[in-house]
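Asker: Residue numbers 5 to 138, in our numbering, belong to the letters of the sequence shown in order.
From the three backbone atoms N, C-alpha and C, an ideal C-beta is built for every residue, glycine too.
Quick caveat: nothing in here was measured; it's all calculated off a predicted structure.
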Amino acid sequence: MSLRACVELKDLQLHTQIGTYAPGACIPDRHLLDITLWVDPSLVLIAVDAMNYVFDYDPLVIEIDRLSEDGHYETQERLLTRIVEACALHPEIELLELYLRKTPVRENSGTLGIRLYVDASTLTEMRKPLTPSA
Numbered sequence: 005m006s007l008r009a010c011v012e013l014k015d016l017q018l019h020t021q022i023g024t025y026a027p028g029a030c031i032p033d034r035h036l037l038d039i040t041l042w043v044d045p046s047l048v049l050i051a052v053d054a055m056n057y058v059f060d061y062d063p064l065v066i067e068i069d070r071l072s073e074d075g076h077y078e079t080q081e082r083l084l085t086r087i088v089e090a091c092a093l094h095p096e097i098e099l100l101e102l103y104l105r106k107t108p109v110r111e112n113s114g115t116l117g118i119r120l121y122v123d124a125s126t127l128t129e130m131r132k133p134l135t136p137s138a
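1) What does residue 82 pair with, by DSSP beta-bridge criteria?
2) According to DSSP, simplified to helix, strand and coil, what is residue 15?
3) Pick out whichever of 81, 128, 95 has its Cα sitting closest to the Cα of residue 118.
4) Distance, Cα to Cα, residue 89 vs residue 112?
5) Runs of 3 residues minimum, wholly inside the segment 70 to 126: which ones carry the beta strand (DSSP E) assignment?
6) Do three or more CB pairs link the segment 71 to 79 to the segment 13 to 25 at distances below 8 Å?
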């Protein structure tokens, strides 16, 4: 039997400022994040109901909130990159998928976003310590 497990967070409203808009432009008033964190199934199928047996996602959510409020972003891509970097600090995360979007896009309608999949090898590379050049 093959098992896969993930932790999903959907429709997290971020308190952030992204983009620069011309006068009269439609300015998005909501930025939403979906994030799926693939973890070892042993962190989900547990025999004891205790936090030390699961992946504690609360510190990551707090860090995502901090990053989103960390000043003005010109692009969604930069905020998403910083969120991926924060996820990479958690070795329990094996893969991740993120979807950051803003709404409205035009005349009080539409959603525009970016989706990113990060595989295990990319996370492994991100986790390698930086070594100074000789």
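Answerer: Here's the rundown:
1) Partner(s): none; residue 82 has no beta bridge.
2) In the displayed model, residue 15 falls within a strand according to three-state DSSP.
3) Measuring from the Cα of residue 118, the nearest candidate turns out to be 81.
4) When rounded, the distance between both Cα atoms is 32 Å.
5) The qualifying runs are 97 to 107, 116 to 122.
6) The answer is yes - the segment 13 to 25 touches the segment 71 to 79, with three or more Cβ pairs under 8 Å.
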